[in-house]
Amino acid sequence: MPTPDDRWFEAVARVDARDADLVADMLTDAGATGVSIEPAIHVQDNADFAYEELMDEPWTVRATFVEPFDEAEQAAVRATIEGLELAGTLTSFTIAEAEPVDWAEEWKKFYRRQRIGERLVIVPSWEEYQPAEGEVAVLLDPGAAFGTGEHETTRLCLAALEARVQPGQRVLDVGAGSGILAITARLLGAGEVHAIDIDAETVRVAVENAETNGVARDIEFGAGSVGDLWPWKDRADRAPEGYDIVLANISSTVIGLLADDLARAVAPGGLLIASGFILRDADEVRGALTGVGLTEVNYRTEGNWGCLVMSR
Numbered sequence: 001m002p003t004p005d006d007r008w009f010e011a012v013a014r015v016d017a018r019d020a021d022l023v024a025d026m027l028t029d030a031g032a033t034g035v036s037i038e039p040a041i042h043v044q045d046n047a048d049f050a051y052e053e054l055m056d057e058p059w060t061v062r063a064t065f066v067e068p069f070d071e072a073e074q075a076a077v078r079a080t081i082e083g084l085e086l087a088g089t090l091t092s093f094t095i096a097e098a099e100p101v102d103w104a105e106e107w108k109k110f111y112r113r114q115r116i117g118e119r120l121v122i123v124p125s126w127e128e129y130q131p132a133e134g135e136v137a138v139l140l141d142p143g144a145a146f147g148t149g150e151h152e153t154t155r156l157c158l159a160a161l162e163a164r165v166q167p168g169q170r171v172l173d174v175g176a177g178s179g180i181l182a183i184t185a186r187l188l189g190a191g192e193v194h195a196i197d198i199d200a201e202t203v204r205v206a207v208e209n210a211e212t213n214g215v216a217r218d219i220e221f222g223a224g225s226v227g228d229l230w231p232w233k234d235r236a237d238r239a240p241e242g243y244d245i246v247l248a249n250i251s252s253t254v255i256g257l258l259a260d261d262l263a264r265a266v267a268p269g270g271l272l273i274a275s276g277f278i279l280r281d282a283d284e285v286r287g288a289l290t291g292v293g294l295t296e297v298n299y300r301t302e303g304n305w306g307c308l309v310m311s312r
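Residues in the sequence shown are numbered from 1 upward in steps of one, following the numbering used here.
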């Protein structure tokens with residue numbers, strides 16, 4: 001784990017708002033210990049504020065790297081960022097030595113309440129909020145886990161889930177991250193909800209978020225992959241069945257690798273909501289899923305990201 005005695009480096013990219021999440025993801029994949037996205041202007045808590053106004057100026061993406069982070073590694077990161085196919089312009093990209101950052105607290109400065117779909121409101125767990133009539137509030141502290149509600153893929157999955165989940169349905173969240181999708185499914189009325197992730201620490205964060213929302217007893221969490229035996233399969237009373245909705249907000253590569261297992265997890269007549277892929281990979285993902293017998297129902301995009309809804 002990084003310490004204040006280590007040498008720290010900060011990579012700073014100024015990009016079009018539409019590309020901020022993609023650049024942040026690439027920096028994370030490159031080994032950054034922490035990444036934050038800073039909007040060009042402060043978001044006002046005003047119902048009349050238009051999100052599009054944030055698009056006028058470049059946003060800032062900051063990422064911290066810890067030694068060893070030599071010149072060759074820095075050059076590789078620079079080449080990756082400068083070589084991305086972006087919707088807008090990479091205004092600048094710099095790497096310099098920096099002071100240590102407490103990312104456990106730093107990211108909270110930029111995590112704000114968000115409205116998604118017709119009724120959903122994603123609320124930081126440390127913020128007091130009284131939902132209006134008809135709203136469904138999801139309290140979240142993602143910690144180190146993916147799934148804040150800010151990323152396009154999470155928003156796409158949430159909107160698709162809100163539009164389709166029915167009371168009492170069985171839902172499986174593959175690659176649960178912070179637990180945001182599984183928790184939302186339960187709050188929207190889903191019956192039996194299962195959530196799995198390959199990282200045990202991520203599962204711990206998801207369980208804590210479920211507890212914050214009062215649904216921990218209603219969601220069964222497990223560490224593992226859909227391709228494994230279900231984490232709960234060794235229980236005699238929990239034989240795996242098909243799910244009415246399977247959520248998979250994971251990468252295009254992983255969707256391809258797990259396509260057959262994902263399809264088998266969907267009950268006849270059920271749906272797979274798949275995201276986590278950039279637009280140029282949409283046909284690859286679509287081909288992998290239709291190749292295992294699923295049929296496309298809907299395809300939506302936001303920024304540089306896509307979301308497919310498939311039926312069995």
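Ideal Cβ placement from N, Cα and C applies to all residues, glycine included.
Residues in its own chain within less than 7 Å of residue i by CB, not counting five upstream and five downstream?
i    : result
A216 : V207, A210
G134 : R119
Q74  : I95
E82  : L90, F93
Span of the alpha helix (DSSP H) holding residue i?
i    : result
T202 : 200-212
G287 : 282-290
I81  : 71-82
V24  : Here residue 24 is Ala; the residue named in the question, Val, does not match the sequence. Segment 20-29, the alpha helix (DSSP H) holding A24.
L86  : Taken as a continuous stretch (DSSP letters only), L86 belongs to no alpha helix (DSSP H), as it is neither H nor E.
A182 : 180-187
What residues in its chain sit with their C-beta under 6 Å from that of residue i, if we drop five residues either side in the sequence?
i    : result
L139 : V123, S125, T212, N213
A223 : A200, V203
R78  : none
G313 : Outside the displayed span of the chain (1 to 312) sits residue 313, for which this structure offers no information.
D141 : S125
L86  : D19
Please determine, among the options, the residue with the shortest C-alpha to C-alpha distance to residue i.
i    : options                : result
D248 : A96, E201, V171        : Sequence inspection shows Ala at residue 248; the Asp mentioned does not correspond to that position. Looking at the Cα atoms, V171 is the closest of the given residues.
R112 : A32, I198, H151, E192  : H151
A63  : P39, G34, I81          : G34
C307 : R280, V23, I273        : I273
L27  : D16, A17, E10, E38     : E10
A159 : V254, S275, A176       : S275
L84  : A13, E284, A96         : A13
V254 : V193, D281, L271, P39  : D281
R116 : A32, V66, I180         : The identity of residue 116 in the sequence shown is Ile, whereas the question assumes Arg. Taking only the C-alpha atoms, the option nearest I116 is I180.
L161 : D6, W8, M310           : M310
G270 : A76, D21, T295, D283   : T295
H194 : A176, W8, L187         : A176
G31  : D19, A40, A20, W8      : W8
A265 : I196, A72, A137        : I196
P68  : D6, E38, D21           : D6
A169 : L187, T153, S178, V285 : Here the sequence assigns Gln to residue 169, which means Ala is not the residue at that position. Closest by alpha carbon: L187.
P58  : D260, E82, D19, A75    : D19
F221 : A40, R300, S178, V66   : S178
T60  : F277, E38, E73         : E38
I183 : C157, I219, I198       : I219
V297 : P100, R164, E97        : R164
A40  : V121, T91, A96, G191   : T91
R300 : E284, V205, C157, L86  : C157
Residue i: buried (16+ other C-beta within 10 angstroms of its C-beta) or exposed?
i    : result
G303 : buried
T94  : exposed
D173 : buried
R155 : buried
A24  : buried
Q130 : exposed
A185 : buried
D244 : buried
D70  : exposed
W305 : buried
A29  : Here the sequence assigns Asp to residue 29, which means Ala is not the residue at that position. D29 is exposed by the Cβ-count criterion.
D16  : buried
S251 : buried
T153 : buried
A259 : buried
D21  : buried
What does DSSP give as the partner residue(s) for residue i in the beta ladder?
i    : result
H194 : L172, E220
L139 : V123
G313 : With the chain covering only 1 through 312, there is no way to say anything about residue 313.
I95  : A11
G34  : T64
T154 : T154 pairs with nothing; no bridge assigned.
T295 : S311
Using a Cβ-Cβ cut-off of 8 Å (strictly less than) and excluding sequence neighbours within five positions of residue i, which residues of its own chain qualify?
i    : result
P268 : G242, R312
Y51  : In this prediction, Y51 has a pLDDT of 40, which is less than 50 and means its spatial position is unreliable; what the coordinates show is noted afterwards. Contacts found: none.
L262 : V174, V226, V246, A248, I255, L272, A274, L289, V292
A98  : W8, F9, E10, T64
Kindly indicate the opening and closing residues of the beta strand (DSSP E) around residue i.
i    : result
T40  : The question names Thr, but residue 40 in the sequence shown is Ala. From DSSP, A40 is part of no beta strand (DSSP E); its letter is neither H nor E.
Q114 : 114-116
G270 : 266-278
D244 : 243-249
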